[in-house]
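To start, the structure itself, in structure tokens.
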Amino acid sequence: MKKVNLEIMLKLFILLGFSTFYFILVRSDMITLYVHPRIIPFAKFSIVAMMFIVLFLVFDILKARTVKRKMRNYIVFIIPFVMMLGMKPNSTNMGASNNSKFIEDKSDNVDSAQNNNISSAEPKNGNDNKKISIDENGKITVTDSNYINFLTEVENNIDSYINKEIEIVGFVYKEDGMKSNQFALVRNMMVCCTADMQMVGLLCDNAEPVKYEVDTWLKVNGTLELGKRLEEKVAIIKVKNIEKVDAPKTPYVYPY
Numbered sequence: 012m013k014k015v016n017l018e019i020m021l022k023l024f025i026l027l028g029f030s031t032f033y034f035i036l037v038r039s040d041m042i043t044l045y046v047h048p049r050i051i052p053f054a055k056f057s058i059v060a061m062m063f064i065v066l067f068l069v070f071d072i073l074k075a076r077t078v079k080r081k082m083r084n085y086i087v088f089i090i091p092f093v094m095m096l097g098m099k100p101n102s103t104n105m106g107a108s109n110n111s112k113f114i115e116d117k118s119d120n121v122d123s124a125q126n127n128n129i130s131s132a133e134p135k136n137g138n139d140n141k142k143i144s145i146d147e148n149g150k151i152t153v154t155d156s157n158y159i160n161f162l163t164e165v166e167n168n169i170d171s172y173i174n175k176e177i178e179i180v181g182f183v184y185k186e187d188g189m190k191s192n193q194f195a196l197v198r199n200m201m202v203c204c205t206a207d208m209q210m211v212g213l214l215c216d217n218a219e220p221v222k223y224e225v226d227t228w229l230k231v232n233g234t235l236e237l238g239k240r241l242e243e244k245v246a247i248i249k250v251k252n253i254e255k256v257d258a259p260k261t262p263y264v265y266p267y
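Numbering (the working numbering), first residue to last: 12 to 267.
Structure representation (structure tokens):
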């Protein structure tokens with residue numbers, strides 16, 4: 012009776028483990044908590060590729076090893092696999108723990124993303140839901156899809172948006188030096204994956220001290236006014252109404 016090739020068994024275990032993990036992430040949409048949605052097709056391709064390799068290896072499971080390899084050579088695969096089993100996606104905000112400052116100017120970050128061989132998203136059907144629209148009452152509603160476009164547009168054409176009504180959703184972030192009635196309403200911008208996320212948003216000026224804790228999700232209605240931050244001209248939301256809301260299903264925003 013032939014012995015089972017333990018090296019092939021180990022390879023099968025590793026490949027099946029990783030492919031199952033990726034499959035669960037894709038199937039449950041939890042993968043968007045780790046990487047940009049544009050990475051999903053590559054994840055699907057890797058699942059298919061690993062399953063093909065598994066099919067070929069199954070036929071070798073009873074074959075004797077022709078070349079002796081030390082089993083410890085596979086530790087570089089086993090360690091990340093074990094870490095992966097205990098890893099949980101960070102769907103919470105990074106405002107309380109992230110030491111980086113929130114960013115109001117998007118242009119440099121978007122250019123950097125495009126220079127990494129990732130192209131900008133262009134609508135194929137002519138219906139660009141990323142465009143900034145102003146309703147008949149002159150109110151701007153910022154959505155997940157046009158969030159970055161809006162911030163970039165305001166940065167580049169700030170005078171055109173002063174005194175415009177705005178409705179925007181984000182979470183609270185506070186920095187040293189902010190007044191008690193001020194806070195930043197921000198979102199986490201993901202360029203490629205969670206490792207490169209940055210907080211982007213606008214400074215809000217409330218009529219009274221802010222009672223909401225950092226990381227609290229809010230819907231803010233107000234008026235865009237001209238202000239200064241770090242000696243630069245910036246748009247500030249003069250808050251008229253604040254409503255506490257649940258975090259959106261997809262908490263991140265994307266520059267393309």
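Quick reminder that beta carbons are idealized off the backbone N, C-alpha and C, glycines included.
Mapping the DSSP letters down to three states, classify Val-37 as helix, strand or coil.
helix
Does Ala-206 come out as helix, strand or coil in the three-state DSSP assignment?
helix
Would you identify the three-state DSSP class for Gly-28, choosing helix, strand or coil?
helix
Counting C-beta neighbours from all protein chains within 10 Å, is the total for Cys-215 16 or more, i.e. buried, or is it exposed?
Residue burial is scored here from C-beta neighbours: Cys-215 has at least 16 other C-beta atoms within 10 angstroms and is therefore classed as buried.
Identify whether Val-197 lies in helix, strand or coil by the three-state DSSP scheme.
strand
What are the start and end residues of the alpha helix (DSSP H) that includes Phe-182?
First-last for Phe-182: 176 to 184, but that is the beta strand (DSSP E), not the alpha helix (DSSP H).
Leu-44 lies in the beta strand (DSSP E); which residues open and close that run?
Counting along the chain, Leu-44 falls outside any beta strand (DSSP E), and DSSP gives it neither H nor E.
On the CB-based measure, 16 or more other CB atoms within 10 Å of its CB, does Pro-91 come out buried or exposed?
exposed
Roughly how many whole angstroms lie between the Cα atoms of Thr-154 and Val-197?
13 Å
Identify which residue in Lys-150, Val-37, Val-87, Leu-26 has its Cα closest to the Cα of Ala-60.
Leu-26
To which residues does DSSP link Gly-97 through a beta bridge?
Answer is none; Gly-97 lacks a bridge partner.
Looking only at its own chain, which residues have a Cβ that is under 6 Å from the Cβ of Val-165, when we skip the five neighbours before and after it?
Tyr-172, Ala-246
Strictly by DSSP, which residues pair up with Val-231?
Ile-179, Ile-253
So Glu-254 and Lys-230 are supposed to be a Cβ contact under 8 Å. How far apart are they, rounded?
4 Å
Of the choices Arg-38, Asn-199, Thr-205, whose alpha-carbon is the least far from that of Val-264?
Residue Asn-199 is the option with its Cα nearest to Val-264.
Cβ-based neighbour list, Ile-143, same chain, cut-off 7 Å, excluding 5 preceding and 5 following:
Take Ile-143, set aside five residues on each side of it, and the residues of its chain with a beta-carbon closer than 7 Å to its own are Ile-151, Asn-157, Asn-160, Phe-161, Glu-164, in chain order.
Candidates Met-95, Leu-17, Glu-18: which alpha carbon is nearest Leu-36's?
Met-95
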